[in-house]
Amino acid sequence: MSSTKSAAVVNYAEEKYSVEIREISIPDIGDEDVLLEVENVGVCGSDLHQWTSDHSWPVNYPVVLGHEFGGKIAAIGDKVSAWKVGDRVVSETAAVIDKQNPMSKIGLYNLDPTRKGFGYGVNGAMTRFVRVPARCLHTVPENLSFEEACLTEPCCVAYNAVVGNSSIKPGDRVIVIGPGTIGILCAAVARLCGAEVVVVGLEADKGRLEIARKYGCEVIIGDAEHWARKRDGLGADLIIDAAGVSATLQIAMKLVRPNGQITKVGWGPQPCNFSLDPIIQKNVRLQGSFSHNWPIWERVIALLASGSLDVKPIIGGVWPITEWKEAFEKMHHGQVVKSVLKPV
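Its first residue numbered -4, the sequence shown is counted upward by one per residue in this note's numbering.
As structure tokens, then:
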């Protein structure tokens, strides 16, 4: 590999499986950017969805995948004063935002409709060097490894879903549908909040459900109705739908108690084909949860650094970027919860 080029995992077209290793140049950076040398990058379910082409968001092809990443600053733009070369950092995902958008002005730039993220809107981090706006950076404490720190992003998704967008109190009964990375991390955060938690999956999810147990959760394959109604016959206080299909919303409506809440964090592009009347009849709050912002990142890094939130159990392995396909397939087939890549 030449010194000016490095291997990158590139999603080059909309057709299924249009992902390959390409050599790309080191990116140029602007005045307010840093050049980040990537140490580790996590594989997200959305990377898999772009690989299998069943995603529901616009992608700027060709694009380098990867938005869960950390590393060391290799160079800084002329107007960057808060950072220096060598700093250990992780990056938020909102690579392009409109600072004048009303959402950005109240700090919810994650909800700016024009926002573009790494790995679909602009080149992501499944390569050696990535251009990052300095406003996206957060310090990684020395005691936190990059293999763990690169999972700050999915932890922030979970924190926002459970703490930011759900009403949750100690003693609540919470059901998480879907034992992927986000589902298990939502369950872990709900446990930190003092809830009793069950994670629900399918027979094929057995291995991943075992990892949910490590966070003090119960696990159920199939129907969770008995668990939902066990306390007083009425259902669970909160259902977190972290599955990648639309049909699980119907299960959530059945399992939630009157005046309870369903928080939907999993994407499912399929039409629902069922009535939403139970939401009305039960007086239930249906809440979407998308992404995260600055204060959530600071809080989550503190939880990771203190050991209160431990992501080590979900890391199924670390692969060189050139072996991205094995890392993707192991996650896709549910053999591991989270694959992590390392640039070469």
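Virtual Cβ for every residue (Gly too), placed ideally from N, Cα, C. Remember, predicted model here, so these are calculated numbers, not experimental data.
- Straight-line measurement puts the Cα of G37 at about 17 Å from the Cα of R126.
- Within the DSSP bridge table, the entry for R83 names K67 as partners.
- The straight-line gap separating the alpha-carbon atoms of L229 and N6 is approximately 46 Å.
- The beta carbon of K209 sits closer than 8 Å to the beta carbons of P308 from its chain, once the five residues preceding and following it are set aside; these are given in chain order.
- Of all alpha-carbon atoms in G329, K320, E32, the one lying nearest the alpha-carbon of I310 is that of G329.
- For A153, no beta strand (DSSP E) run applies; the uninterrupted alpha helix (DSSP H) run containing it begins and ends at 147 to 154, by DSSP.
- For D272, the enclosing alpha helix (DSSP H) has its first and last residue at 272 to 276.
- Ranked by Cα distance from A89, the first of F113, P266, S48 is F113.
- Per DSSP, reduced to three states, the secondary structure at V117 is strand.
- By the neighbour-count criterion, in which 16 or more other beta carbons inside 10 Å mark a residue as buried, F269 falls on the exposed side.
- When DSSP states are grouped into helix, strand and coil, H287 belongs to the coil group.
- Ranked by Cα distance from G283, the first of I274, E205, T258, S301 is T258.
- Counting C-beta pairs closer than 8 Å gives fewer than three between the segment 165 to 177 and the segment 117 to 125, which falls short of the contact rule.
- The residues S48, in chain order, have a CB closer than 7 Å to that of E10 in the same chain once the five nearest residues on each side in sequence are set aside.
- L233 is not a Cβ neighbour of R294, given a cutoff of 9 Å.
- Under the three-state reduction of DSSP output, N105 falls in the helix class.
- Taking T109 as reference, the option from G102, K100, I101, N96 with the minimal CA-CA separation is N96.
- When rounded, the separation of the alpha-carbon atoms in K67 and Q256 is 41 Å.
- A Cβ-Cβ contact shorter than 9 Å links I235 with V157.
- In terms of Cα proximity to K164, the closest of N155, C188, I179 is C188.
- Contact between R186 and G159 is ruled out by a C-beta separation of about 17 Å, above the 8 Å threshold.
- When DSSP reads this structure, F124 sits in a beta bridge with E32.
- For E32 against R130, the beta-carbon gap comes to about 19 Å, at or over 8 Å, which does not count as contact.
- Going by C-alpha positions, L299 is about 26 Å away from S76.
- Cα atoms of E87 and K79: separation of roughly 18 Å, rounded to the nearest angstrom.
- Nearest to E220 by alpha-carbon distance, out of G302, V306, D26, M248, is M248.
- Around the Cβ of I275, a 10 Å sphere holds fewer than 16 other Cβ atoms; the residue is exposed.
- Around M98, the same chain offers Y104, L106, D107 as residues with beta carbons nearer than 7 Å, after the five sequence neighbours per side are excluded.
- Taking all protein chains in view, the Cβ of Q265 is surrounded by fewer than 16 other Cβ atoms within 10 Å, so the residue is classified as exposed.
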